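Let me begin by presenting the structure, written as structure tokens, before commenting on it.
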Amino acid sequence: MTLPPWMTFTDFGASLEALAAFYSSRHKYAYALPLYLRALSLINPPESSCHSAVLMNNISEVFTGMGNLEEARGWAERGLKLVENFNKKKKTRECDESCGVLLFNLGMISELSGNVIKASEYYKKAHNLAKKINFSDCINEAELALKRININ
Numbered sequence: 003m004t005l006p007p008w009m010t011f012t013d014f015g016a017s018l019e020a021l022a023a024f025y026s027s028r029h030k031y032a033y034a035l036p037l038y039l040r041a042l043s044l045i046n047p048p049e050s051s052c053h054s055a056v057l058m059n060n061i062s063e064v065f066t067g068m069g070n071l072e073e074a075r076g077w078a079e080r081g082l083k084l085v086e087n088f089n090k091k092k093k094t095r096e097c098d099e100s101c102g103v104l105l106f107n108l109g110m111i112s113e114l115s116g117n118v119i120k121a122s123e124y125y126k127k128a129h130n131l132a133k134k135i136n137f138s139d140c141i142n143e144a145e146l147a148l149k150r151i152n153i154n
């Protein structure tokens, strides 16, 4: 693909991602999914950037919105594996936060699938990581989820 000289692949990917987020926020998942997938394909190889995990999480959320929990789980697990195996010297706040969100979302997918024990495990992992990195949104969401499922 050839881009105009004033645009980089990062710019193009960010535009695709922003448009996908717009569609996703309006529950237009059929429009959001190919945009997220195309944005992910611009990061080559995906393992070279923690932002790939963010996109994988977004793809997982789209599949969750579509009611395809198995596909959602697969994308979330791929994102989590990428973050966990990412070069520790290159890790950024984005890596740590995406790990927390992926753990939380795996809890949510487990909860929606009826496996509250597995959901509790993921929510606790998300909560512990979020406390470690001082990620308040994830801390709050994990605490609410643990209260909701009421498992100690």
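Quick note: the sequence shown uses this note's numbering, first residue 3, plus one each step. Virtual Cβ for every residue (Gly too), placed ideally from N, Cα, C. A quick note: this is a predicted structure, and the numbers were derived from the prediction, not measured.
Which residue from the options puts its Cα closest to that of residue i?
i      : options                        : result
Met110 : Cys97, Tyr124, Ser50 and Ser51 : Tyr124
Val85  : Glu72, Asn60 and Glu49         : Glu49
Thr10  : Ala32, Ile135, Arg40 and Leu44 : Leu44
Ala147 : Ala32, Pro6 and Ile119         : Ile119
Taking 8 angstroms as the threshold (C-beta atoms), are residue j and residue i in contact?
i      : j      : result
Val56  : Ala34  : no
Leu104 : Gly69  : no
Asn107 : Ala132 : no
Leu42  : Ser51  : no
Cys140 : Ala121 : no
Glu99  : Phe137 : yes
In chain order, what residues of the same chain have a beta carbon less than 6 angstroms from the beta carbon of residue i, not counting five sequence neighbours either side?
i     : result
Ala74 : Ser62, Phe65, Thr66 and Ile111
Gly2  : Not covered by the structure: residue 2. The range shown for the chain is 3 to 154.
Arg40 : Leu18
Counting only the same chain and skipping the five closest in sequence on each side, list residues whose C-beta sits under 8 angstroms from that of residue i.
i     : result
Leu37 : Leu18, Glu19, Leu21, Ala22 and Tyr25
Looking only at its chain, what residues have a beta carbon closer than 7 angstroms to the beta carbon of residue i, apart from the 5 residues adjacent to it on each side?
i      : result
Ser27  : none
Glu143 : Phe106
Any 3 or more C-beta pairs closer than 8 angstroms across the stretch 82-92 and the stretch 109-116
no
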